[in-house]
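K.L.:
Dumping the structure here so I can ask a few things about it.
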Amino acid sequence: MSKVVKPYQESGSKKEQVSNMFNNIAPKYDLLNRVLSLGIDKIWRKRAINILKKNNPSVILDVATGTADVAISTANIIQPESIVGIDISSEMLEVGKKKISQMGLDQIISLKLGDSEAIEFGDDTFDAATVAFGVRNFENLEKGLSEMLRVVKKGGTVLILEFSKPSVFPFKQIFQFYFKFILPFIGKFTSKDPKAYKYLFESVQAFPQGSKFLNIMQSVGYKNCRQVKLSLGICSIYLGDK
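Quick look at the structure:
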């Protein structure tokens, strides 16, 4: 069982706290993402989706979809029959729905309030499942991973995009300083919830990365687990098959 890091010190489940946190920062979430990542997050998403495109999935689930960035990019790059995005934050979903409508993607993408650890769909429903920068927020990592695997068809792929810690000097030190001090400082003055960006650093530190995460994927039933490092290890793509 991986270590549980919560956004706030007060009582309450991680799931409840994460939902509240994202509801608080939803209006500025997309803007802050672009600013704080210098726009690189868009490149990471595109790289991940292009890997998934090789499998030509037709029906896709996007877990922890947030404001639907991955769902929208997937619709444009892969052009599947349908994408369902689920998230525990209603405010993030509202932002995502507006974006989808503005882009004319309502017929392809649908967003629903949903829990990654209790996905409402039946076994073997989707050709693929994706989650970008969301597995760190699972209250029970193993349960969330198991649920994604359950709803994917045999032979299907689960793709996970997540922050990781670079190991090359001096990039490792620069990255740590930016994540620990600069990012929360910017978040403090641009977001209604400065603790959200402190939590980002803490959750990245606590998250099992690389071979540790691949081992967890294997332990809950994933096959052919592999990792693709991006931007000197700032971010990683993890893939596993059913």
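When we follow this note's numbering, the leftmost residue of the sequence shown carries the number 7, and every step to the right adds one. For each residue, glycine too, the CB sits at the ideal point set by N, CA and C. Quick caveat: nothing in here was measured; it's all calculated off a predicted structure.
By Cβ distance below 7 Å, which residues in the same chain neighbour E249 in space, the five residues on each side in sequence not counted?
P.N.:
Residue 249 lies beyond the residue range present for the chain, which begins at 7 and ends at 248; the question has no answer from this structure.
K.L.:
Roughly how many whole angstroms lie between the Cα atoms of V76 and L155?
P.N.:
The residue given as residue 76 occupies position 70 in the sequence shown. The residue given as residue 155 occupies position 149 in the sequence shown. Within the model, the alpha-carbon separation for V76 versus L155 is close to 19 Å.
K.L.:
So P172 packs on F185, CB below 8 Å; how close in whole Å?
P.N.:
For this step, residue 172 is matched to residue 166 along the sequence shown. For this step, residue 185 is matched to residue 179 along the sequence shown. Contact flag wrong, Cβ pair sits at about 11 Å.
K.L.:
Quick one: which unbroken alpha helix (DSSP H) runs of 4-plus residues sit fully inside the region 61-108? Chain order, please.
P.N.:
Runs found: 75-83 and 96-108.
K.L.:
Look up A124 in the DSSP assignment and say whether it is helix, strand or coil.
P.N.:
On the sequence shown, residue 124 is found 118 positions in, with the first residue counted as 1. Reduced to three states, the DSSP call for A124 is coil.
K.L.:
So V157 is in the alpha helix (DSSP H); what residue range does that whole segment cover?
P.N.:
Numbered from its first residue, the sequence shown carries residue 157 at position 151. Run containing V157: L147 to V157, per the alpha helix (DSSP H) assignment.
K.L.:
Starting from the C-beta of M98, find all residues in its chain whose C-beta is less than 7 Å away, skip the five residues before and the five after it, and write them out in chain order.
P.N.:
Residue numbering aside, residue 98 sits at position 92 when the sequence shown is read from its first letter. These residues qualify, in order along the chain: F28, A32, Y35, G72 and T73.
K.L.:
Taking the CB atoms as reference points, tell me whether A81 and I114 lie closer together than 8 Å.
P.N.:
Along the sequence shown, one-based indexing puts residue 81 at 75. Along the sequence shown, one-based indexing puts residue 114 at 108. Result yes, Cβ atoms of A81 and I114 sit closer than 8 Å.
K.L.:
Would you call the region 234-243 and the region 39-56 in contact, with 3 or more CB pairs under 8 Å?
P.N.:
yes
K.L.:
Pick out whichever of V137, G91 and D130 has its Cα sitting closest to the Cα of L119.
P.N.:
For the purposes of this step, residue 119 is identified with residue 113 of the sequence shown, where counting begins at 1. When only C-alpha atoms are compared, the closest one is G91.
K.L.:
Secondary structure at D5, three-state DSSP: helix, strand or coil?
P.N.:
The structure shown does not extend to residue 5, since the chain spans only 7 to 248, so no value can be given for it.
K.L.:
Do I46 and F132 have their C-beta atoms within less than 8 Å of each other?
P.N.:
Walking along the sequence shown from the start, residue 46 turns up at place 40. Walking along the sequence shown from the start, residue 132 turns up at place 126. Cβ atoms of I46 and F132: not closer than 8 Å.
K.L.:
Please give the ranges of any alpha helix (DSSP H) in the region 188-221, keeping only runs that are unbroken, at least 4 residues long and fully inside the region.
P.N.:
189-196 and 201-212
K.L.:
Going by DSSP, name the residue or residues bridged to F169.
P.N.:
By one-based count along the sequence shown, residue 169 stands at place 163. Looking at the DSSP assignment, F169 forms a beta bridge with C241.
K.L.:
Can you tell me where the alpha helix (DSSP H) with R53 in it begins and where it stops?
P.N.:
In the sequence shown, residue 53 corresponds to position 47, counting from 1. The continuous alpha helix (DSSP H) containing R53 extends over residues I46 to K59.
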